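Counting from 501, one number per residue, gives the positions in the sequence shown under my numbering. Built from N, CA and C at the ideal position, the CB exists for glycine as well. What you are looking at is a predicted structure, and each value in this text was computed from that prediction instead of being measured.
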Amino acid sequence: MSTTRKNNLAQSLQHAMTLWARGDQDAALAITQALFDDAPANEQLALNHSGLLLHKQNFAAAMACLERHQTHAALSPALLANLAIAYRGLDQHDRAIETGAQAVQAAPEKISAWNAWGLALMAAERYDEAENVFREGLIQHPDHALLKHHLNEALEKQGKGDDSTRWSPIGSLLDDAHAFSKEGNPVAAEALYRKAVHFNPEHPQTQSRLGLFLMRFGRIDEARPVLEKAHALNPRCPTTSHFLSLTYAEKPARPNGAYIQQLFDGYAGHFEKHLVEGLKYDVPVVLSKALLDRLDSPHQASVLDLGCGTGLIGEQLRSLVAAIDGVDISEKMLEEAKQKGVYQSLHQRDIRDFLNDNPARWDAITAGDVFIYCGEIDDIVQSAHDHLNQGGWLAFSVELCGGESYTADPTTGRYLHSKAYLERILAPRFDQLAFEPAVIRYNGGEPVEGYLVFAQRAASDGLAARTDVDSSGVG
Ligand SMILES: C[S@@+](CC[C@H](N)C(=O)[O-])C[C@H]1O[C@@H](n2cnc3c(N)ncnc32)[C@H](O)[C@@H]1O
Numbered sequence: 501m502s503t504t505r506k507n508n509l510a511q512s513l514q515h516a517m518t519l520w521a522r523g524d525q526d527a528a529l530a531i532t533q534a535l536f537d538d539a540p541a542n543e544q545l546a547l548n549h550s551g552l553l554l555h556k557q558n559f560a561a562a563m564a565c566l567e568r569h570q571t572h573a574a575l576s577p578a579l580l581a582n583l584a585i586a587y588r589g590l591d592q593h594d595r596a597i598e599t600g601a602q603a604v605q606a607a608p609e610k611i612s613a614w615n616a617w618g619l620a621l622m623a624a625e626r627y628d629e630a631e632n633v634f635r636e637g638l639i640q641h642p643d644h645a646l647l648k649h650h651l652n653e654a655l656e657k658q659g660k661g662d663d664s665t666r667w668s669p670i671g672s673l674l675d676d677a678h679a680f681s682k683e684g685n686p687v688a689a690e691a692l693y694r695k696a697v698h699f700n701p702e703h704p705q706t707q708s709r710l711g712l713f714l715m716r717f718g719r720i721d722e723a724r725p726v727l728e729k730a731h732a733l734n735p736r737c738p739t740t741s742h743f744l745s746l747t748y749a750e751k752p753a754r755p756n757g758a759y760i761q762q763l764f765d766g767y768a769g770h771f772e773k774h775l776v777e778g779l780k781y782d783v784p785v786v787l788s789k790a791l792l793d794r795l796d797s798p799h800q801a802s803v804l805d806l807g808c809g810t811g812l813i814g815e816q817l818r819s820l821v822a823a824i825d826g827v828d829i830s831e832k833m834l835e836e837a838k839q840k841g842v843y844q845s846l847h848q849r850d851i852r853d854f855l856n857d858n859p860a861r862w863d864a865i866t867a868g869d870v871f872i873y874c875g876e877i878d879d880i881v882q883s884a885h886d887h888l889n890q891g892g893w894l895a896f897s898v899e900l901c902g903g904e905s906y907t908a909d910p911t912t913g914r915y916l917h918s919k920a921y922l923e924r925i926l927a928p929r930f931d932q933l934a935f936e937p938a939v940i941r942y943n944g945g946e947p948v949e950g951y952l953v954f955a956q957r958a959a960s961d962g963l964a965a966r967t968d969v970d971s972s973g974v975g
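Written as C-alpha cells, this is what we have:
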C-alpha cells in the first residue's frame, strides 16, 4: 500500500474514531464500513470496523465482518479475540470459548485474548474455569486491572469473593483509559472509563473522569448525570463542580478559583512541553514583542504579569525591561516561574484579590492566556486600568467567540470573549485600543482563533475623566 494511501486511511480511521467519541456512532460506522468493503483483507480495517460493531453490541455484524476477512487472510490474535467476543454476544458459547482459547494460544502476551477467553467462560457460567484463565492471565500480566476485576467477578460468582480478594485500586484502569485517549483512540478510552465506572460505581474520581471525557467530546447531556453522581459522591472536587456547572443552561460568570488552582497545580510539571511544544502556544513571544514595540522606554518600564504561570512572559521581557512582578493562583506554576529567576517578586494570589489589595502601579500589565480562565473580566480590566501609570499598556490574549458577550466552552472549560464585549469594557476606560488577530494555540490540530489586545491608559487624567462620563452614558 502506498504511503499516501496509508496516511489517508489513518486519517479516515482517526476521523471515524472522533465522530464516534462525539456520539455520532452511525457516521463513524458508515466510514469504517465503506473502508472495510473496499479492502476486506486489510487487518487494521477489520480490527477497527469489528471493534466499533462490538462496542455497538452489533455482534452479528461483527461476526460477519470477521468471517468475511477470514476468507482473505488468517485471523490475527487480536481479531480472534474480537470474534470470541462476537460469538459470546450471540450466545454461541462453545465457539466463543474455543476462539478465545485460540487467541491466547496464538498470543499469550495479548491481554484482550485472556479477557475474551475468560469472559466467554463466564458467559457459559463455567466460573471455575474462568477463574483459572484469569489467574493464568495474571501470571503473564501481573496486576493488570481488568484481569483482576474479572477474576474478582469470577470469584464472586462462585461465592468465593470476600474483602481479601476484592480488587479495589482503579488507578491503572484510569491510567490506561487516559493513555488510549492521548494516543488518539477515544473509543477504547471510553470503553475503559465505562469499565472503571462499572467496577467502581461509588468512586467519585472514576465517575468524574468519565464525565470529563464525555464533556470533552461535547456529549453534555450524557455527561450531566455522570458528573452529578460524581458531585454527590464528592461535593468538594472543584473540577467536577466546574464542569457540572457548565452542563446547565445558566453558566457561571467565573470559574471557581479552586478549580483553576487544581488544574494548574496538576499541569505545572508538563505545562511548557504540552502547551508550547504540543499545542504551539506562542502568545508569550508575540505578545511581549508587540508590547515592547508600544512602550516608549522599555528599559525603564515596570511590568506586572497577571497569571504569570511558569514565567514564559517574564522570560521574554526580563532583559528588556526594568523589572517584572508576577502573580498567579497556582503554587506549582509559581515554583516553575521562580526557577527562571526573572521576576523581581512573585505572589500566590487570585489576580482580583492581588489588584484590590495592592496600591502599586506599573507601566505595563500583561495577561497571556489568563482571561480565558476568568470569565467575566469587567472588574479586572477596571483594576488593571487603575494600576497602570499614565500612558501605560494592558496587553492580553483572549480566545474568540461571536455575539455581544463572553461565554464558557463546556468542552474545554475555558471562557471565550467576543470583540464586542471587549470593546464595550475597554473603550470607556482606555485611550487607545488595538486588536491583533492571532492563533492562540492548536486544539486537536485545529487553530484556536483569538486576539492579542493592547489597551493604553490615557497619558493625562483629562481623558480618564472624559471616559468616566462616556461610560455612564451621560453626554
Ligand atoms: C495558560 S496559563 C498562562 C501562563 C502564562 N501567562 C503564559 O502565557 O505562559 C494561565 C495561568 O493563569 C493562572 N490564572 C488563571 N486564573 C487566575 C486567577 N483568577 N488568579 C491568578 N492566576 C490565575 C493560572 O494559574 C495559570 O498559571
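In or out: R505 buried (at least 16 other Cβ within 10 Å) or exposed? exposed
Between which two residues does the beta strand (DSSP E) harbouring I940 extend? 932 to 943
Return the CA-CA distance between A564 and H742, expressed in angstroms with no decimal places. 45 angstroms
Nearest-angstrom Cα separation, counted from Y781 out to G868: 10 angstroms
Are the CB atoms of V842 and L817 nearer to each other than 9 angstroms? yes
Could you check where the beta strand (DSSP E) with L916 kicks off and where it finishes? 915 to 917
Tell me, please, whether the region 707 to 719 touches the region 516 to 527 by the rule of three or more beta-carbon pairs shorter than 8 angstroms. yes
Could you check if P859 is buried or exposed, using at least 16 other CB atoms within 10 Å of its CB as the buried criterion? exposed
Would you say the beta carbon of V478 is closer than 8 angstroms to some non-hydrogen atom of ligand 1? This structure gives no information on residue 478, because the portion of the chain shown stretches from 501 to 975.
At a cut-off of 8 angstroms, would you count P752 as near ligand 1, judging by its Cβ distance to the nearest heavy atom? no
Kindly indicate which three-state DSSP category T911 falls into: helix, strand or coil? coil
Check for me: the beta strand (DSSP E) holding N889 runs from which residue to which? 888 to 899
Counting along the chain, where does the beta strand (DSSP E) carrying E949 start and finish? 946 to 956
Would you check if the distance between the CB atom of Q707 and the CB atom of V687 is smaller than 9 angstroms? no
Under three-state DSSP, which class holds Q800? helix
Buried or exposed, going by whether 16 or more other CB atoms sit within 10 Å of the CB of G600? buried
Quick one: Cα of H770 to Cα of V633, how far? 40 angstroms
Within the same chain, show all residues whose beta-carbon is closer than 8 angstroms to that of S512, passing over the 5 residues directly before and after it, in chain order. I531, L535
Report the three-state DSSP secondary structure of S741 (helix, strand or coil). helix
Option in G891, P738, P577 with minimal Cα separation from R929: G891
Are the CB atoms of I597 and L646 nearer to each other than 9 angstroms? no
In chain order, each alpha helix (DSSP H) run of at least 4 residues that lies wholly inside the region 630 to 676: 645 to 657
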